[in-house]
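Right, one structure below, let's go through it.
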Amino acid sequence: MSGLEDLYREIILDHYRTPRNRGEMECPPAHRGEGFNPLCGDDVVLYILADGDTIADVKISGNGCSISQASASMMSTAIKGKTFADAKAINKAFKKSLSLSEEEEGEADSAEEAETNEDNSVDLGDLQALQGVMKFPVRIKCATLGWNVLSESLEKLNLD
Amino acid sequence: MSGLEDLYREIILDHYRTPRNRGEMECPPAHRGEGFNPLCGDDVVLYILADGDTIADVKISGNGCSISQASASMMSTAIKGKTFADAKAINKAFKKSLSLSEEEEGEADSAEEAETNEDNSVDLGDLQALQGVMKFPVRIKCATLGWNVLSESLEKLNLD
Amino acid sequence: MSVNTLNSASLKADFPLLGRQVHGKPIVYLDSAATSQKPRAVLEAMTTYYDDYNANVHRGAYLIAEQSTTEMELARQKVQHFIGAPAQEEIIFTKNATEALNLVVNSWGRSNLQPGDAVLLSLLEHHSNIVPWHILAKERDLELRWISVGDDGHLDLSNLDKLLDGVKVVGISAMSNVLGTVVPVRAIADAAHERGAVVVCDACQLVPHRACDVIELGVDFLAFSGHKMCGPTGIGVLWGRRELLEEMPPFLGGGEMILDVSTEGFLPNELPWKFEAGTPPIAETIGLGAAVDYLTDIGMEAIADHEESLTAYALKTLEDRLGESIVIHGAAHPRGGTISFAYRDIHPHDISQILDQHGICVRAGHHCAKPLMRHLGVTATARASLYLYNTESDIDCLAYALNETAAFF
Amino acid sequence: MSVNTLNSASLKADFPLLGRQVHGKPIVYLDSAATSQKPRAVLEAMTTYYDDYNANVHRGAYLIAEQSTTEMELARQKVQHFIGAPAQEEIIFTKNATEALNLVVNSWGRSNLQPGDAVLLSLLEHHSNIVPWHILAKERDLELRWISVGDDGHLDLSNLDKLLDGVKVVGISAMSNVLGTVVPVRAIADAAHERGAVVVCDACQLVPHRACDVIELGVDFLAFSGHKMCGPTGIGVLWGRRELLEEMPPFLGGGEMILDVSTEGFLPNELPWKFEAGTPPIAETIGLGAAVDYLTDIGMEAIADHEESLTAYALKTLEDRLGESIVIHGAAHPRGGTISFAYRDIHPHDISQILDQHGICVRAGHHCAKPLMRHLGVTATARASLYLYNTESDIDCLAYALNETAAFF
Ligand SMILES: Cc1ncc(COP(=O)(O)O)c(C=O)c1O
Ligand SMILES: Cc1ncc(COP(=O)(O)O)c(C=O)c1O
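First to last, the sequence lines map onto chains A, B, C and D.
When the letters of the first sequence are read in order and numbered with my numbering, they come out as residues 59 to 218.
When the letters of the second sequence are read in order and numbered with my numbering, they come out as residues 59 to 218.
When the letters of the third sequence are read in order and numbered with my numbering, they come out as residues 7 to 415.
When the letters of the fourth sequence are read in order and numbered with my numbering, they come out as residues 7 to 415.
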């Protein structure tokens with residue numbers, strides 16, 4: 059079962075079996091974002107309740123495979139209580155840990171890019187467990203599904 | 059030059075160099091039909107002056123290769139002075155000599171087909187020289203270009 | 007069962023890919039509904055084209071151009087006879103079934119449908135036979151109606167008469183790529199024709215697996231893809247009744263499809279070229295011709311019989327060995343060899359990932375049939391789909407490996 | 007000339023077909039403007055796909071499906087870099103250049119052009135960049151305008167400013183497939199952009215023969231075909247500027263191109279998949295990637311240099327040996343290796359037929375450019391077109407055999 063244990067780490071299965079911050083929120087006041095994986099139909103719905111520029115509360119709903127749901131659950135614990143800027147930095151660091159740059163996900167401001175690159179030191183903690191998906195390129199889309207919704211949501215929240 | 063002499067028989071080159079019934083006619087009273095070979099841009103224009111159901115006069119214009127122009131020239135001598143029915147029979151016999159049935163050129167009335175099959179004995183004369191094109195499938199379209207215009211023209215003339 | 011049964015174990019030798027290993031295990035390919043494997047004969051026909059007579063078709067007077075033209079048109083005749091089409095001019099080559107369906111919607115649809123007209127589709131449809139209609143419906147203000155699906159995986163035709171009221175065109179899949187349902191196309195087509203509606207049949211899953219005759223099916227258009235029937239990628243087929251095709255305006259414009267072009271306008275070419283703009287997929291057409299030969303030599307009856315008995319074996323084996331932990335979605339008999347299932351509460355994506363470690367290839371997802379998935383109340387299923395080269399041993403591997411999957415979650 | 011010159015005689019060994027004989031003579035292939043021959047590396051890449059990892063893309067979680075997806079997307083990146091495109095999402099795979107151009111006309115055209123709007127084309131255009139505009143012009147009541155061609159085979163740009171007045175889109179071929187004319191695309195694009203017009207470039211004859219950079223060309227859309235650049239049949243490319251592609255509605259509808267589908271409607275997928283409906287030409291895409299590698303390894307500069315000097319040799323040789331009996335149609339420098347000519351008063355079809363007996367493949371006809379033919383006052387020309395594998399000896403054979411032709415008529 060070469061590599062399969064790398065994909066299905068215990069911490070991932072734990073988040074899959076017992077998802078954190080599962081639920082919905084009323085919108086408004088919460089902000090709702092949704093993402094599909096067009097290949098398998100999985101979806102992640104992300105609710106963010108903002109307090110100023112802080113993520114006061116977060117909920118996740120939707121359906122999908124162990125990787126997409128565990129990754130969203132882990133994301134929710136990582137960003138809850140953080141400022142938008144911190145959440146953005148975590149998002150970037152997470153994608154970087156999968157060898158993806160934010161650029162690939164949309165147009166990046168390269169000046170900003172350079173700036174953020176400096177605080178490389180975001181501690182991913184449990185999220186590092188997801189690096190096993192790199193051996194399974196198709197599953198990268200599963201792992202990043204919730205995070206792409208986060209990017210979009212933060213962009214919209216920043217505009218408000 | 060295997061086979062090339064079969065394609066370029068002397069009688070064909072003669073009709074190519076000295077095309078018969080070359081020219082145009084005023085329409086009306088003459089009927090004008092035109093056909094394109096979509097592959098090479100060649101065209102044959104056929105003018106028929108009818109007298110009752112007889113082809114009183116015929117003229118050919120247009121541009122094309124030796125085969126298309128010689129075949130049209132030979133056709134013009136074969137049908138001039140003939141009745142529509144005779145011209146139709148010659149057309150059918152000619153196509154048959156190239157292993158084509160009228161059917162392939164359009165919807166044939168199979169009852170009529172059976173009937174006409176009986177007078178198989180149309181004498182193709184010089185037209186037999188064109189059978190050499192059978193070794194050169196692409197050129198069959200050249201050889202039949204004028205004849206397809208004839209089919210269409212006769213159909214229209216019969217309706218009048 | 008037919009006397010002429012297949013020896014699928016030895017047929018496997020015709021397919022180079024089926025000799026490979028995955029993660030150290032012999033490959034067990036159970037995703038033929040997505041795309042089939044290709045026999046050596048098909049690859050050789052294409053290699054011969056490229057090595058011996060590669061030249062653009064319908065254009066050159068030189069030998070290899072004549073040869074490529076002849077071979078391409080020969081492939082058209084093979085396809086014609088394979089589906090019982092009355093004339094070779096009715097066979098139009100496209101890049102895939104999707105393009106074929108879009109051609110019908112754009113050319114026939116745009117010239118025949120008016121605001122308020124109704125289009126009847128079934129919930130079994132693949133996105134290819136839905137999205138083009140959505141696009142036109144929005145542009146033309148058409149009404150889309152849906153034939154529903156019962157618990158047995160078959161179409162609910164009880165209210166067909168009412169559904170057909172005011173319908174101008176029916177788009178119907180002949181065999182579901184999710185449930186394997188064999189659809190009573192003829193009965194639907196006859197009812198549709200009584201109302202004067204035109205019938206567009208998506209035969210992607212039928213043509214590779216069953217002997218197929220467009221006259222017997224009674225439809226007006228038939229679309230399918232080469233890559234699901236042992237042929238190459240990049241080639242699809244649209245068959246249409248000549249009277250309809252003759253009246254239809256061209257779809258794509260360009261080389262090959264014209265008789266004449268000037269700065270003022272153009273004259274379209276005759277059928278079938280009117281609908282084949284640009285350099286066609288030449289090698290792919292020739293490859294498809296070889297696939298038709300391959301299937302014909304084996305015999306479509308024998309293939310259908312084999313799939314029928316193997317499907318029965320699979321359904322029984324999965325139930326026997328996995329019991330209540332497996333749920334097979336639809337379809338009751340008559341059905342083809344496409345088996346969608348849920349296993350415990352393990353997500354299909356995870357099932358497929360773990361099966362892969364055993365060398366087993368199954369699809370996980372919505373199978374491009376999201377309206378059906380919504381109707382079934384699932385976002386994804388795992389799907390094993392069979393073809394002529396599959397064996398009972400392939401099924402045994404699947405059942406064994408599924409059992410292993412449970413250990414993980 | 008570049009230091010990095012080609013040894014075309016030895017390059018021929020890369021192309022299996024160029025080793026064959028025709029009518030007992032070694033083949034002399036001079037019809038690369040219609041379609042090029044394919045190097046072994048391209049055929050091998052496709053065979054490897056079919057034999058080792060044939061599986062539908064973007065769909066399976068199993069190993070060979072991952073591999074086919076990865077290889078297909080890798081091919082997209084190769085094409086991206088080959089034409090200097092800023093992003094891989096801007097590379098859309100189609101079945102040929104014709105589909106690519108139809109995509110632009112249908113998607114961008116339908117959503118941006120209003121009755122009375124003007125479209126500017128050139129008389130050098132291939133039917134693929136004319137007929138789709140004719141179709142839309144008739145439907146939308148657009149005005150088509152034409153940039154004329156001078157005696158030197160080059161565009162007459164003296165009145166470009168006036169022609170551009172009120173023009174919303176310019177369709178321009180980068181290199182004529184009849185006269186070999188190299189068109190000053192950048193200058194035209196800059197003038198068009200000043201007027202706010204969008205520029206659609208048909209680069210079918212440019213991309214195979216010259217180093218090409220979409221930013222330097224300054225156009226908005228670029229279309230070309232794989233089969234003319236050492237790649238397989240059944241694959242074409244549309245490049246477009248992302249801002250434009252993002253705004254455009256989908257063209258063909260079906261699998262792959264959606265994010266979500268319901269009975270009510272659908273959400274289109276992201277670029278590039280939004281425009282790639284149905285199972286793509288997978289093997290063909292991978293083959294095209296291998297063709298890009300092949301051309302890149304040799305070097306597009308070296309190829310261009312080789313063609314430039316071989317074209318000069320050909321023009322001189324034909325003139326020296328055949329004198330006044332041959333008339334070369336256009337084009338003055340700068341020009342590519344496509345040489346259209348008339349020889350005595352022998353019809354091109356007959357020339358090509360007789361050359362074939364010498365193993366020589368040339369095209370005869372209107373080359374899908376009837377408006378240009380009308381402008382030149384001919385119905386057909388004979389055309390010899392060169393590529394990296396052609397040699398001076400090929401030209402010598404042509405000159406010799408043309409001389410023989412005269413004997414026949
Ligand atoms: C200049 C030009 N444009 C467009 C085309 C059309 O390409 P395809 O037939 O591959 O679609 C061709 C070749 O046929 C061409 O030479
Ligand atoms: C039932 C059905 N219809 C249509 C299609 C679309 O075929 P393609 O993707 O080859 O265009 C498929 C397969 O993907 C299918 O299974």
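Beta carbons: idealized from backbone N, C-alpha and C, even for Gly.
Whether residue i touches residue j by CB criterion (8 Å)
| i | j | result |
| --- | --- | --- |
| D/V204 | D/D226 | yes |
| B/V207 | B/V116 | no |
| B/P96 | C/T76 | no |
| D/D362 | C/Y68 | yes |
| C/A407 | C/L12 | no |
| C/G336 | C/D158 | yes |
| D/H372 | D/C403 | no |
| C/Y395 | C/S14 | yes |
| A/S131 | A/R67 | no |
| D/A61 | D/I70 | yes |
| B/I118 | B/K138 | no |
Expected contact under 8 Å - CB spacing of residue i and residue j to nearest Å
| i | j | result |
| --- | --- | --- |
| D/I401 | D/Y319 | 6 Å |
| D/I136 | D/P354 | Between D/P354 and D/I136 the Cβ distance is about 21 Å, and since that is not below 8 Å, they are no contact. |
| B/L104 | B/F152 | About 14 Å; that fails the 8 Å criterion. |
| C/R380 | C/A39 | Going by Cβ atoms, the distance from C/R380 to C/A39 rounds to 20 Å, so no, they are not a contact pair. |
| C/A405 | C/L321 | About 11 Å separates the two Cβ atoms, so there is no contact after all. |
| D/G90 | D/I221 | 6 Å |
| D/L277 | D/R248 | 7 Å |
Residues near residue i in its chain [Cβ-Cβ closer than 6 Å; skip 5 each side]
| i | result |
| --- | --- |
| C/E410 | none |
| C/R151 | A124, L126 and L169 |
| C/G261 | G284 |
| D/F230 | A103, A209, C210, V213 and V243 |
Neighbourhood of residue i by C-beta, 8 Å cutoff - its chain only, sequence neighbours within 5 removed
| i | result |
| --- | --- |
| B/M192 | L156, S157 and I198 |
| D/H199 | V205 and G224 |
Three-state class that DSSP yields for residue i in the structure shown
| i | result |
| --- | --- |
| D/G336 | coil |
| C/A390 | strand |
| D/C236 | coil |
| C/R341 | strand |
| C/Q27 | strand |
| D/P286 | coil |
| D/Y300 | helix |
| A/N121 | strand |
| B/E92 | strand |
| C/S179 | strand |
| B/Y105 | strand |
| D/L161 | strand |
| C/G305 | coil |
| C/T41 | coil |
Cβ-based neighbour list, residue i, same chain, cut-off 7 Å, excluding 5 preceding and 5 following
| i | result |
| --- | --- |
| C/V111 | P138, W139 and L142 |
**Message:** Output needed in chain order: residues of the region 186 to 208 of chain A with a Cβ under 8 Å from some Cβ in chain D.
**Reply:** F194, P195, V196 and R197
**Item:** Residues of the region 197 to 208 of chain C with Cβ closer than 8 Å to any Cβ of chain A, in chain order
**Value:** none
**Item:** Within 8 Å of chain D by C-beta, residues of the region 83 to 97 of chain B in sequence order
**Value:** L97
**Message:** Against chain D, which members of the region 249 to 270 of chain C pass a CB distance test of less than 9 Å?
**Reply:** P255, P256, F257, L258, G259, G260, G261, E262, M263, I264, D266, V267, S268, T269 and E270
**Request:** Mind checking the region 69 to 87 of chain C against chain B and listing, in chain order, the residues whose C-beta falls within less than 8 Å of any C-beta there?
**Result:** A71, E72, T75 and T76
**Message:** Residues of the region 114 to 137 of chain A in Cβ contact with chain C at a cutoff of 7 Å, in chain order, please.
**Reply:** N121, G122, C123 and S124
**Request:** Below 8 Å between beta carbons is the criterion; list the residues of the region 40 to 71 of chain C that meet it against any residue of chain B, in chain order.
**Result:** H64, R65, G66, A67 and A71
**Item:** Interface residues of the region 351 to 362 of chain C facing chain D [CB-CB below 8 Å]
**Value:** H355, S358, Q359, L361 and D362
**Message:** At a CB distance below 8 Å, what residues from the region 375 to 387 of chain D approach chain B? Give them in sequence order.
**Reply:** K376, M379, T385 and A386
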